[in-house]
Every structure is written in C-alpha cells, then in structure tokens.
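The sequence shown begins at 45 in my numbering and counts up by one.
Here is the structure we will look at.
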Amino acid sequence: MSGGSDDRARLAALVEHYFAAVDRMDLAGTLACFDADATVTIATFDLVYRGRDDAIRGMYERLFARYASVWHGDFDHVADPPGRIASQFTVRNVSP
Numbered sequence: 045m046s047g048g049s050d051d052r053a054r055l056a057a058l059v060e061h062y063f064a065a066v067d068r069m070d071l072a073g074t075l076a077c078f079d080a081d082a083t084v085t086i087a088t089f090d091l092v093y094r095g096r097d098d099a100i101r102g103m104y105e106r107l108f109a110r111y112a113s114v115w116h117g118d119f120d121h122v123a124d125p126p127g128r129i130a131s132q133f134t135v136r137n138v139s140p
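Quick look at the structure:
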C-alpha cells in the first residue's frame, strides 16, 4: 500500500465497522472481524483473551448480556498504513 489518505480512510472504516457490529450487539458480525487465532488485550484491566471461537466469543457474550446497549463514537484515528491504527473514542454502556 502507498500509505496515502485512501489507506488511512480504509483503516478507520475497518475500526468503525467493527465497533458498529459491537454496538448492534451482533455477535456473529463482531466475531467476523477477528481471525481464528486472534488475541484481545484489555490493558487497563490486565485481561487477555486468546482465540476467536472460545475466549473472545465468551467475552462478547458476557458483554452483550451485561448491558442493554453499548455505543462507541466520537472517533479520533491515527493511521499508520499499511496495517496499523490507533483509535480514541467515547464509550457508553447502558445497564438494563
């Protein structure tokens, strides 16, 4: 990739596509964003989930059961193509 603005826009769209699936509480759509051997790290809580079909699936099942709704928005992305992006955003989790 050239590392141009199109690549940066593609990376930002990928991040927002993932969070849109989370916000819809679409488990299949959320998991489709991960490879089978993915690792999710939540550094602020020192948590690591390895494997899309077991640990990561369980993490999202618990998240979706815990909240009536979730929302991610107000994104600020810093993309470093070809495949790296950092994103800052607002999260709202609504309890049932």
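Virtual Cβ for every residue (Gly too), placed ideally from N, Cα, C.
If you're wondering where the values come from, they're calculated on a predicted model, not measured in any experiment.
Please report the Cβ distance between residue i and residue j, rounded to the nearest whole angstrom; I am assuming they are in contact, meaning their Cβ atoms lie under 8 Å.
{"i": "Ala123", "j": "Ala56", "result": "6 Å"}
{"i": "Arg68", "j": "Pro125", "result": "Not a contact, Cβ separation roughly 27 Å."}
{"i": "Phe119", "j": "Phe133", "result": "5 Å"}
With DSSP as the reference, please indicate the residues paired to residue i in a beta bridge.
{"i": "Gly117", "result": "Thr134"}
{"i": "Ala123", "result": "Ile129"}
Leaving aside the five residues before and after residue i along the sequence, list all residues of the same chain whose C-beta is less than 8 Å from its C-beta, in chain order.
{"i": "His61", "result": "Cys77"}
{"i": "Tyr104", "result": "Val66, Leu71, Thr74 and Leu75"}
Ignore the nearest five residues each way along the sequence and tell me which others in residue i's own chain have a CB closer than 7 Å to its CB.
{"i": "Ser46", "result": "With a pLDDT of only 48 at Ser46, under the threshold of 50, the placement of this residue in the model should not be trusted, and no figure is reported."}
{"i": "Val82", "result": "Reading off the sequence, residue 82 comes out as Ala, not Val. Only Arg96 and Ile100 meet the Cβ criterion."}
{"i": "His139", "result": "Here residue 139 is Ser; the residue named in the question, His, does not match the sequence. Same-chain partners within the cutoff: Tyr111 and Ala112."}
{"i": "Phe63", "result": "His116"}
{"i": "Leu58", "result": "none"}
{"i": "Val92", "result": "Thr83 and Thr85"}
Uninterrupted beta strand (DSSP E) stretches inside the segment 83–107 (no shorter than 3 residues): 83–86 and 91–94
Touching by the beta-carbon criterion (3+ pairs, under 8 Å), the segment 84–100 and the segment 113–129: no
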